[in-house]
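In what follows, a structure is listed as structure tokens, so that the remarks can point back to it.
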Amino acid sequence: MYVGFSAISGTVGSDNYILGWSFNKSGQAQSLDVSKLPLLPQKGKTKVKTGLMIMILLIAVTLVLIMIGGAAYILRRKKFEEIREDWEREYGPHRFTYKNLYKATKGFSDKELLGAGGFGKVYRGILPSSNILIAVKKVSHDSKQGMKEFVAEIISIGRLRHRNLVQLLGYCRRKGELLLVYDYMPNGSLDKFLYKNEKLNLNWFQRFRILRGVASSLLYLHEEWEQVVLHRDVKASNVLLDAELNGRLGDFGLAKLYDHDTDPKTTHLVGTVGYLAPELTRTGRATTCTDVFAFGAFMLEVACGRRPIELQGLPERVILVDCVFECWRKGAILDVCDPRLEGNYVKEEMELVLKLGLFCSHSMPAARPSMRQVMQFLDGDAKLPELPNDNACFGKKKRSIRILIVIS
1 MYVGFSAISG TVGSDNYILG WSFNKSGQAQ SLDVSKLPLL PQKGKTKVKT GLMIMILLIA
61 VTLVLIMIGG AAYILRRKKF EEIREDWERE YGPHRFTYKN LYKATKGFSD KELLGAGGFG
121 KVYRGILPSS NILIAVKKVS HDSKQGMKEF VAEIISIGRL RHRNLVQLLG YCRRKGELLL
181 VYDYMPNGSL DKFLYKNEKL NLNWFQRFRI LRGVASSLLY LHEEWEQVVL HRDVKASNVL
241 LDAELNGRLG DFGLAKLYDH DTDPKTTHLV GTVGYLAPEL TRTGRATTCT DVFAFGAFML
301 EVACGRRPIE LQGLPERVIL VDCVFECWRK GAILDVCDPR LEGNYVKEEM ELVLKLGLFC
361 SHSMPAARPS MRQVMQFLDG DAKLPELPND NACFGKKKRS IRILIVIS
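Residue 60 in the UniProt record's numbering is what sits at position 60 of the sequence shown, and the numbering runs on without skipping anything.
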């Protein structure tokens, strides 16, 4: 015998519940006590409860995701946060965003580091919007005093245009840091060719062209722009070479920027030992004459392939200008030429460069030529005077190097 249940509601959907049943195969089935039967389940209550739990869970997950996203956004904004003030609006076109510079340098990765100097580290970068190669210099400037003048000076420097200057494209400032954006020079600094790699060498034609180019850029800074710009740190590592190995003077004007943050009772002596004019170490006051002195040391450096000061076992040191002067006195000035040139140079040009380097290195500022005169000598438009046969004129006396001078 089979027992079953069936129900029908026609074409309308319905829920049917069996709350209890009684069956006896051999007689009358036991009656059911309706009061003891379970209650009918409330229709939709379980579904509502389940749906409510799912909704609460979704809301909670959404809120957590929003909080995580908000925190990430705030941290990202803080990471690329910059300082912008009302007075900077006039400099807007010259300003780069920190975010773009961060991306360009791959987060200022050590792999993109080109070098480090007295003014900060320099990184190679590629602007994401234009794929233009740039060099980004990080310059520390912790004090808020003089920041407006500092930025104004940078923008002013950015207006300088000369084929032998590294072009300053713009800036970015963030917290206590300034980032300066320059044209990228693919062949790096000149000192790499003079000292750091035996496989790299420059012939005399290239060296003479570099000297003339740097001289031309200094003349522009000193006399041909609307105001005098002092470089204050002319040296081989600050001369960069473009794709055609033309010399481009970099870091021009940066030393002057630091004056905005200088205690009025203190003068910071900016420059590099070996290129510092004697009067600069006494007074701390830079002039066009001190730039000429540094250029003289630079000329001798390029012609001789030697640093202005060389250590040969402490405490003895060899000063290049002294060596060149002694060879000139002996009538053998060409003996100091860079041996890597293997004698392949124009004798008259080499003698001119060495003698002119000595003239620029004269201990008396008034006896040094101006950069305009230097260009006239290099171009053959004026004849170089005879050198004075006096040791004191070229630094044979004791040299004093001081890095910080306090003026009482």
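For every residue, glycine included, the Cβ atom is placed at its ideal position computed from N, Cα and C.
Per the DSSP calculation, residue i is bridged to which residue(s)?
i: aspartate 338; result: According to DSSP, aspartate 338 bridges with nothing at all.
i: alanine 135; result: Arg124 and Tyr182
i: valine 273; result: Valine 273 is not bridged to any residue.
i: serine 189; result: Leu240
i: histidine 116; result: Reading off the sequence, residue 116 comes out as alanine, not histidine. Per DSSP, Lys121.
i: glutamate 310; result: Val318
i: tyrosine 171; result: Arg95 and Leu180
i: leucine 165; result: Leu249
Do the CB positions of residue i and residue j come within less than 8 Å of each other?
i: valine 122; j: lysine 137; result: yes
i: valine 302; j: cysteine 360; result: no
i: alanine 297; j: cysteine 289; result: no
i: valine 349; j: phenylalanine 208; result: Note that residue 349 is glutamate in the sequence shown, not valine. Yes, they are a contact pair.
i: glycine 188; j: valine 181; result: no
i: arginine 212; j: leucine 378; result: yes
i: tyrosine 275; j: valine 234; result: yes
i: tyrosine 184; j: leucine 249; result: no
i: alanine 286; j: arginine 232; result: yes
i: leucine 179; j: leucine 101; result: yes
i: leucine 39; j: tyrosine 17; result: no
i: glycine 115; j: valine 139; result: no
i: leucine 384; j: leucine 352; result: yes
Taking its Cβ as the centre, do 16 or more other Cβ atoms sit within 10 Å of residue i, making it buried, or is it exposed?
i: asparagine 164; result: buried
i: phenylalanine 23; result: exposed
i: serine 408; result: At serine 408 the pLDDT is 27, less than 50, meaning the model places this residue with poor confidence; the figure from the coordinates comes in the next sentence. So serine 408 counts as exposed.
i: arginine 329; result: exposed
i: tyrosine 345; result: buried
i: proline 264; result: Confidence at proline 264 is low in this model, with a pLDDT of 37, below 50, so its placement is unreliable and the value that follows should be read with caution. Exposed, by the Cβ-count rule.
i: threonine 262; result: For threonine 262, the predicted model reports a pLDDT of 46, less than 50, meaning its position is unreliable; a value from the coordinates is still stated below. So threonine 262 counts as exposed.
i: valine 64; result: exposed
i: isoleucine 8; result: exposed
i: serine 237; result: buried
i: valine 61; result: exposed
i: serine 143; result: Confidence at serine 143 is low in this model, with a pLDDT of 46, below 50, so the placement of that residue should be treated as unreliable; the coordinate-derived value is given next. It is exposed - the Cβ of serine 143 has fewer than 16 other Cβ atoms within 10 Å.
i: arginine 368; result: buried
i: valine 34; result: exposed
i: leucine 280; result: buried
Leaving aside the five residues before and after residue i along the sequence, list all residues of the same chain whose C-beta is less than 8 Å from its C-beta, in chain order.
i: lysine 210; result: At residue 210 the sequence reads isoleucine, which differs from the lysine that was named. Leu190, Leu202, Val239, Leu241, Leu245, Asn246, Gly247 and Val302, listed in sequence order.
i: glutamine 30; result: Ser22 and Asn24
i: tyrosine 243; result: Here residue 243 turns out to be alanine, not tyrosine, going by the sequence shown. Excluding positions up to five away in sequence, the list reads Pro186 and Asn187.
i: valine 324; result: Leu300, Cys304, Ile333, Val336, Leu354, Gly357 and Leu358
i: arginine 317; result: Ile309, Glu310 and Leu311
i: valine 214; result: Asn164, Val234, Val239, Gly247, Leu249, Phe295 and Phe298
i: threonine 105; result: Glu112, Tyr123, Arg124, Gly125 and Val136
Leaving out five residues before and five after residue i in sequence, what residues of the same chain have Cβ atoms less than 7 Å from its Cβ?
i: alanine 71; result: none
i: leucine 37; result: Leu19 and Gly20
i: glutamate 272; result: According to the sequence as given, residue 272 is threonine; it is not glutamate. Cβ neighbours of threonine 272 beyond the five flanking positions: Asp233 and Lys235.
i: glutamine 28; result: none
i: histidine 162; result: Ser217 and Tyr220
Just to confirm my understanding: we take residue i, look at its own chain, exclude 5 residues before and 5 after, and list those with CB closer than 6 Å. What are they?
i: phenylalanine 193; result: Leu200 and Leu202
i: threonine 283; result: none
i: residue 426; result: The requested residue 426 does not occur in the structure, where the chain is confined to residues 1 to 408.
i: glutamine 167; result: Asp183
i: proline 339; result: none
i: phenylalanine 108; result: Tyr123
i: tyrosine 258; result: Confidence at tyrosine 258 is low in this model, with a pLDDT of 45, below 50, so the placement of that residue should be treated as unreliable; the coordinate-derived value is given next. There are no such residues.
- [ ] Could you tell me whether the segment 188 to 204 touches the segment 119 to 138, using the rule of 3 or more Cβ pairs below 8 Å?
- [x] no
Task: Stretch-stretch touch, CB-based, cutoff 8 Å, three pairs: the segment 329 to 336 with the segment 359 to 379 - done: no
Task: Cβ contact check for the segment 368 to 385 and the segment 218 to 230: 3 or more pairs under 8 Å - done: With the cut-off at 8 Å, the segment 368 to 385 and the segment 218 to 230 touch.
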